[in-house]
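Protein chains: 4
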Amino acid sequence: MIIVMKKNAEQGQLDDVVAWIESSGYKANVSKGVERTIIGAIGDERGKIKLKAVETMRGVEKVMLILQPYKLASRESREDDTVIKVGEVEIGGPKCVVIAGPCAVESEEQLMEAAYAAKKAGASMLRGGAFKPRTSPYSFQGLGEEGLRILARAREKTGLPIVTEVMRGSEVELVENYADVLQVGARNVQNFALLKQVGLSRKPVLLKRGMMTTLEELLMSAEYIMASGNHQVMLCERGIRTFETATRNTLDISAVPVLKEKTHLPVIVDPSHATGQWQFVRPLAKAAVAVGADGLLIEMHPDPDHALCDGSQSLKPEKLYKLMEEIESIAKIVRKGYGQKHGLHQS
Amino acid sequence: MIIVMKKNAEQGQLDDVVAWIESSGYKANVSKGVERTIIGAIGDERGKIKLKAVETMRGVEKVMLILQPYKLASRESREDDTVIKVGEVEIGGPKCVVIAGPCAVESEEQLMEAAYAAKKAGASMLRGGAFKPRTSPYSFQGLGEEGLRILARAREKTGLPIVTEVMRGSEVELVENYADVLQVGARNVQNFALLKQVGLSRKPVLLKRGMMTTLEELLMSAEYIMASGNHQVMLCERGIRTFETATRNTLDISAVPVLKEKTHLPVIVDPSHATGQWQFVRPLAKAAVAVGADGLLIEMHPDPDHALCDGSQSLKPEKLYKLMEEIESIAKIVRKGYGQKHGLHQS
Amino acid sequence: MIIVMKKNAEQGQLDDVVAWIESSGYKANVSKGVERTIIGAIGDERGKIKLKAVETMRGVEKVMLILQPYKLASRESREDDTVIKVGEVEIGGPKCVVIAGPCAVESEEQLMEAAYAAKKAGASMLRGGAFKPRTSPYSFQGLGEEGLRILARAREKTGLPIVTEVMRGSEVELVENYADVLQVGARNVQNFALLKQVGLSRKPVLLKRGMMTTLEELLMSAEYIMASGNHQVMLCERGIRTFETATRNTLDISAVPVLKEKTHLPVIVDPSHATGQWQFVRPLAKAAVAVGADGLLIEMHPDPDHALCDGSQSLKPEKLYKLMEEIESIAKIVRKGYGQKHGLHQS
Amino acid sequence: MIIVMKKNAEQGQLDDVVAWIESSGYKANVSKGVERTIIGAIGDERGKIKLKAVETMRGVEKVMLILQPYKLASRESREDDTVIKVGEVEIGGPKCVVIAGPCAVESEEQLMEAAYAAKKAGASMLRGGAFKPRTSPYSFQGLGEEGLRILARAREKTGLPIVTEVMRGSEVELVENYADVLQVGARNVQNFALLKQVGLSRKPVLLKRGMMTTLEELLMSAEYIMASGNHQVMLCERGIRTFETATRNTLDISAVPVLKEKTHLPVIVDPSHATGQWQFVRPLAKAAVAVGADGLLIEMHPDPDHALCDGSQSLKPEKLYKLMEEIESIAKIVRKGYGQKHGLHQS
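Chains as they are written, first to last, in this note's numbering: chain A, 1 to 347; chain B, 348 to 694; chain C, 695 to 1041; chain D, 1042 to 1388.
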C-alpha cells in the first residue's frame, strides 16, 4: 500500500501515519519527493481493508493499493488454465463449449423439444431455469422442483449435462441433486450468503457477472466460492449496464482477455442476455469465440414468440445450427494451446 | 403498449401482430401514419411481460410500454404520502429524520458510545450492522446475533429505535426479534427471495437502492415487498455507479424529487456510502434535506481511525452535532406540508 | 409521436394538447384505453424537436418519439451498403480493411519506418496524427503542417492512402490538401461547427464515436456531415466510458451489428484506443472482424517504449504481421456478401 | 510516479526500468516488498505523459501517478477562493449568484420579456444563446450575431450582464464584443482549439462540464484556458450521463464539494440541463445552494410551451420568483465565510 501525504503535511502528521502503519504490523518506507512525501506500507494488504482507514488521518492525500485483493482466483496463484470437467465435457480446454437452451423450463414438452434441438446442433450442455429471478413480482417465477425434474429427464434422454440457476442458499442442496452445474445469476453475484453456500457444494459453479460488477469484484465473488472449498468456478460475462440503450446491456467483450490475464478460471460469454435481441446474438457469439472465450451460453427456444420469458433474445433451433458451424470454424483459428500454459495463448 | 411496425412491413405481418394481440386478451387499435403504422394494445400490460415477445415478430420495429410496471408503490394507487411510524418517530412526516450510527457493531463499548452520541446529537434512530455483506471473504463479517443483542441493549439505554441489515431470507425472523426497522442492503436490492421474506414481516423495511438500479427497478423491488403484504417501505438513495471516480459512488440527488413524484413512499438519503469520504458528508447531507429527503442515514463512529469498516466515511460525534443544527434550519425552510397531500409540496 | 396523458387528466387538458398538435401542423389521433388516454401526432416529427415541449403541458405524462431523428444516414433511406473508395481501397466491401500507423507523427524517420511496416503487414491505409487533441495543455500537441507533409511523403513512398485528424473548422482546407481521409476525433463528435465544415469537403470522413455518445447521437453527427453534402462517412467505434476501469474504455462490440442494422454506412473498430493496452489489441481485433466490422484502426509504432503518445497501446510491427493472418482467416468465414444488399448478411 | 513490477519480474527487467526512468531525467527509488518490487520515479511528472509508456516495458504490472496533472487550477497553487467580478456581480463571494434566462434568443420581444422577468426575480445575470449547438442539423441553430445584438440591448435596458455561448475559435472575437461572460458548452469542453482561444480573451469564461467529463478532465480543460493567460474561469456542473434515464442527465451534486477541495475556482450548478424537466429544477436548485455552489444557471422562459429549444426544462417567471426566496434563505444558512480562505468553509 502506498500512502501519499498532502503537499503541506506536517512532520507530526507523517510520524502519526508511520506509527499507525507499524502498529498494524507493516513496515513503513518513507520517500520524500520534490512535491510529495510518500510512504510505502510493506506487507500483505489483502483482507486488511481497515488499513484504508488511514485515508481519514490528517495530512493524508490518498492511499493506493498495490496487490490484487483476491488470491485463489488469481493467475499468480496458479499459472496453468483451470479445466473443469462436467461428464465428458471440458470447459477451459481446446474446444469452445456451447451451452444452449431456453431461459425457463416451461413444460416437459417445451424443454424436450429444446433439448433435442440443442443436441442436434452439437451443443455440449443444456441450460434452463427452474427458479427464475424476475424484476416484477407479477412475472412467471419458474416451475421450481418440477422444473428440475424435467431437466433431469432431458439429461437422461439426450445425455447433455444440465446447467440451472440456484437463487437461495437454502435451495443449494435441492438443486445440486438434479443439476450438473450450479448457476449463480447476475443479480446474486454479491449475495455473499449464497456464494458461501455454493462454495460448500462439489458441483461446478457458473458465476455470472452482475451488470454493475467490476472485473475485480467478480473475481472477489469467485474468491468467496473458492475460499469455501469449491475451486470449480467458471466466470460468465453477460453485459454490463452503461448509458447506451440500443442493446439491453453492453457486452464487455474485453472482459475475456482481461480475465484470462488475471485468472486461471474459464470464461464464458452470454450474448443473449447482453443484447436482449436475437438478431445480434449471432454476430456477438462469433466475436466471443474470436476473442478467446472458453464457452458460450446461448438462449434457444423452439417457439420464441410464445416463450414465457426472454423470447425476444432466443434463437430458433435452425438459427443455432447455422451459427454452430461458424463457431467451430473460428475456434479452429483462434484456440490453439488453450487449456495449457497461459503463456501459450497470450502475446 | 404501443407496437411500431417497420416502414416496409407487409399487411400479412400487421395482421399477424393484431391476431397475436387479440389472442392475448387485448384490444388492438391500428393507426396508419405517413411513415409508420402503429398498433395500440389496449389492456392492463403489467405482469404480462411476455407481451414483449411481440418484438420478435416479423415486421415489428419496436414495442413501447405505456404503464409503469408497479402498482402498489405508485403515487397513482395512493395520492397521500405514506408516513411510517417507528415508536414515536414518523418517517415521511414534517420532520427530516436522522438515523445515525456506525457501519458495523464492533463491540458493546463502541456501540454504546456511538448510541449516546447519536442521542446527544438529536438523531431519531440508531443504525449499526450485525450481519455485514463484504466484497472480500477476508474482511470482517460482523458479530452476528451477538451484534443484535448489543443493539437491543443500546435501544434500552437510549430509547432510540434500531435499524439493522438482514442478509438472508432465513434470518429475517431472527433479525426482526431485535430490530425496529429491517434494512435490505444495496447488493440485495434484487435478491427477490429476500424481498419476499421481508414482505412477510410486520417490521418496516428500509430498502437501499443498488448502485446500478434504476428508479423503476427500485420501485419494482418495493413492489415485491408490498405485494407480499408489507406496505411499510422506505426507499434509500445511496449513490449509483458511474464513470466518475472522485467519489466512491455518485449521489443521485435527483432521485429524491423523481421518486416523490412517482411514489407515496418516504425517501431517505445516505450521503456516507455515496461518497465514501467523511468530508463530503456534511455538504451532501444539507443538499439532501434541501432537495426534500424525508430522512438521512449518516455513518458516525466514536473513533473512525480504528473502525473495522468504512472508517473513512464516518463522522466524528462532534461533527454530527454541528451538522444537525444546519439540517434543522434548512428543513424548516423546505419542509412545509410534508406528510400530507402530495400536491402541497410540489410545483 | 405518441403523447400519453396522465391517469387523471381532464378533458380540457386533452383538448388543449389536441389543439396544440393540430396548430403545429400534425394530425391528432386520440385513443382512450382502460387506464390512459394516448394521442398519436401523425406527421414527420424529425427536426421538430420543439414538439417535445408538449411535455410541459398540463395533464401530459410522457411523450414518445416514433421515428429515428436521422434520415440520410438511415438504412431506410438507402438499403444497400455504402462502399467508400479511397484510391484502390474499398471500405464497406468484401474485404476487412486495416488502417495502421502511429498515434502521432513524431519525425520523418519514425513515420517512414511505421509506413513501411504497415505496408509489409498488408495494411490498406496509413494513419498518423499531425494535429493532436490532448487532455493536458502540457502534452505534445503534434507537428502540425510539417506532420502533414511527412505523411504525404510516406504516401508517395508506399502508395498507402493517408488518414489523419482535423481538429478545427478553419483547418479543414489545409488538411484535405494532404489527407485522403479526414478523421474527426472522439472529442469532436459533437463539434457541430467542425462537422458542417468537413461536410463541405469532398474527402471521405472517418467519424469517431465519442466515449459517451449514444449510437443515435453518432448517427445524428453523421447526418450533420451528410446534410452538408458529404455522404462518404465511415463510423468508428472506439470504446465508451463505463464504470469498468480494467480497460481504458469499454469496447462496445455490439455497436457494429446495431449500426449495420440502422445505417448503410461502413463501420470501423479501433481496438487500440478502446483498451489502451497493447496486449488486448490482438484478441479484440479478431473479435471486431468476427462481429462484422468493415475495417480496423490499429495503432502500431516501431518503438512503443519511446512513443510521444499512446505508446502503451501500440503494437510492434512483428505483432501486427501475425495478427493480419488471423484477421484474414476470420474475414473469409464471416464476410460473405458484404458490400451488397444488407439483407444478404443479416438473418 | 510509482511503478509496480510483476511478481515474477526479473532483475534485468527491473534494471531496464530504472535505466529508463533515469534517462528521462527522474530519480528512481527502488523498494522491495514481500510480493512486489515498486519503484518511485521522483520528479515533476506533469506534462510528461509519455512516462506512462513505461507501462509497456517488460516486467511492469502497473503505473500509478502521484500528482494531479493540473497546476494553475489547483487549490495548491492558490489557497484562497478566486472571486470573479463581472460589473458589480461577484462570483465566488458570499452571495450565491443566479444567472437566469432562456435557452436561446428567439426574438427581441421574447428576450426582453425574459430579461425583465430575470431582473424582477432578483437574478444577477442574464443568459441566452445566440449560437446554439444542436444534436440535430434540422433543429433551430440560433440567431447568430443578431442574437448577440438583442442580448446587448437587454443589458442596456436592465443592467444585467450577459452570459452567452461561443462555439468556434474563430467567433471568440465577435462574441466577446457583446458578452460579459463567454460560455463554453458541455460538448466543447474538450475542444482544445476553442479553449486556447477563450484563454486569450480578457472576458471571464463559464466552462460547462461535459456529460462524459471526469472532474479531473474538467480541471485540465480549465488549465488549458488558464495556461493561455485567462485565469477568470468558473466551472459549471450540469449533469453527467449515467445508466439512469429518469432524468435527462444525472446531476453530480458531489462535484461541488469535490471541486471546492481541489480548486480555488468558483463552481456553478445548472439544474435545468441536468434534469431536462422543469418540475425538478426547484428542488435541485435548493440542493445546489445547500451543497455550497457559488451560483446557479437557471433556464426561464416567458412562454415555455412555445420555446424553440428546451421548453420542457424552463421555469415560468412566477416560479422563479418563488424559488429565489428559498435560495436566499438557504444561502444565509450555508454561505458564511465564502470568498475568503478555503479553510473557513470546510470541515
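Backbone N, C-alpha and C fix where the C-beta goes; we use that ideal spot for every residue, glycine too. Treat the numbers as computed from the prediction; the structure is a model and nothing was measured.
Cβ-based neighbour list, residue i, same chain, cut-off 7 Å, excluding 5 preceding and 5 following
i, result
"K466 of chain B", "T505 and L507"
"G390 of chain B", "G372, Y373 and K374"
"R425 of chain B", "H611"
"Q197 of chain A", "G169 and V172"
"K568 of chain B", "A small fix is needed here, since residue 568 of chain B is Ser in this sequence, not Lys. Same-chain partners within the cutoff: V536, Q537, L542 and L554."
Residue range of the unbroken beta strand (DSSP E) whose run includes residue i
i, result
"I2 of chain A", "I2 to M5"
"A287 of chain A", "Not the beta strand (DSSP E): A287 of chain A falls in the alpha helix (DSSP H), residues V281 to V291."
"G1053 of chain D", "Not the beta strand (DSSP E): G1053 of chain D falls in the alpha helix (DSSP H), residues Q1052 to S1064."
"S725 of chain C", "K721 to K726"
"E1131 of chain D", "V1130 to I1132"
"E993 of chain C", "G989 to E993"
"V205 of chain A", "V205 to K208"
Buried versus exposed call for residue i [16 or more other C-beta atoms within 10 Å across all chains shown]
i, result
"G1384 of chain D", "Low confidence applies here, because G1384 of chain D scores a pLDDT of 42, under 50, leaving its location unreliable; read the following figure in that light. Exposed is the call here."
"D775 of chain C", "buried"
"S74 of chain A", "buried"
"L1052 of chain D", "What sits at residue 1052 of chain D in the sequence shown is Gln, not Leu. Classification for Q1052 of chain D: exposed."
"G381 of chain B", "Here residue 381 of chain B is Val; the residue named in the question, Gly, does not match the sequence. V381 of chain B is exposed by the Cβ-count criterion."
"M1046 of chain D", "buried"
"N653 of chain B", "Here residue 653 of chain B is His; the residue named in the question, Asn, does not match the sequence. The residue in question, H653 of chain B, is exposed, as its Cβ has fewer than 16 Cβ neighbours within 10 Å."
"F933 of chain C", "The sequence shown places Gly at residue 933 of chain C, not Phe. Buried, since its Cβ has 16 or more Cβ neighbours within 10 Å."
"E800 of chain C", "buried"
"E1063 of chain D", "exposed"
"E1129 of chain D", "exposed"
Delimiting residues of the alpha helix (DSSP H) encompassing residue i
i, result
"S1370 of chain D", "P1358 to V1375"
"R149 of chain A", "E145 to T158"
"I572 of chain B", "L562 to A574"
"L1236 of chain D", "F1233 to G1240"
"M806 of chain C", "E802 to A815"
Own chain residues within Cβ distance below 8 Å of residue i, not counting five before or after
i, result
"P257 of chain A", "V291 and G292"
"S694 of chain B", "Bear in mind that the predicted position of S694 of chain B carries a pLDDT of just 39, short of 50, making it unreliable; the figure below should be weighed with that in mind. Excluding sequence neighbours, S694 of chain B sits near nothing in its chain."
"L1014 of chain C", "A794, A811, A812, A815, A817, I992 and M994"
Contact set for residue i: own chain, Cβ-Cβ below 6 Å, skip 5 residues either direction
i, result
"G47 of chain A", "In this predicted model, G47 of chain A has a pLDDT of only 49, less than 50, meaning its place in the structure is not dependable enough to derive any value."
"K1103 of chain D", "V1045"
Exercise. Any residues in the segment 748–763 of chain C with a beta carbon nearer than 9 Å to a beta carbon of chain A? Which ones, in chain order?
Worked result: none
Problem set entry | Residues from the segment 877–892 of chain C in contact with chain D, defined by Cβ distance under 7 Å | R881, N882, Q884, N885, F886 and A887
For this session: Spell out a yes or no on whether the segment 182–196 of chain A and the segment 106–119 of chain A are touching, meaning 3 or more CB-CB pairs, one atom from each, closer than 8 Å.
Result: no
Problem set entry | Three or more C-beta pairs below 8 Å linking the segment 10–22 of chain A and the segment 63–73 of chain A | no
For this session: For the segment 1306–1321 of chain D and the segment 614–623 of chain B, state whether three or more C-beta atom pairs, one from each stretch, are separated by less than 8 Å.
Result: no
Problem set entry | Members of the segment 232–261 of chain A near chain B, C-beta cut-off 8 Å | Those residues of the segment 232–261 of chain A that come within reach of chain B (Cβ to Cβ, closer than 8 Å) are R241.
Exercise. On the three-pair Cβ rule with 8 Å, is the segment 215–230 of chain A touching the segment 168–181 of chain A?
Worked result: no
Exercise. Would the segment 539–550 of chain B and the segment 492–503 of chain B be scored as touching if the rule is three or more Cβ pairs under 8 Å?
Worked result: no
Problem set entry | Positions along the segment 908–928 of chain C whose CB lies within less than 7 Å of some CB in chain D | Taking 7 Å as the cut-off between beta carbons, the residues of the segment 908–928 of chain C near chain D are E911, M914, E917, Y918 and A921, in sequence order.
Exercise. Within the chosen definition, does the segment 1162–1175 of chain D reach the segment 1130–1140 of chain D through at least 3 CB pairs nearer than 8 Å?
Worked result: yes
Problem set entry | Under 9 Å (Cβ pairs) to chain D, residues found in the segment 828–849 of chain C | R828, T829, S830, P831, Y832, S833, F834 and Q835
Problem set entry | Contact set between the segment 372–388 of chain B and chain C, restricted to residues whose Cβ is under 8 Å from the partner | N376, S378, G380, V381, E382, R383, I385 and G387
Problem set entry | Positions along the segment 697–710 of chain C whose CB lies within less than 7 Å of some CB in chain B | Flagged, chain order: V698 and K701.
Exercise. Given a limit of 9 Å on CB to CB distance, which residues of the segment 643–664 of chain B reach chain A?
Worked result: P651, D652, H653, A654, L655, C656, D657, G658, S659, Q660 and S661
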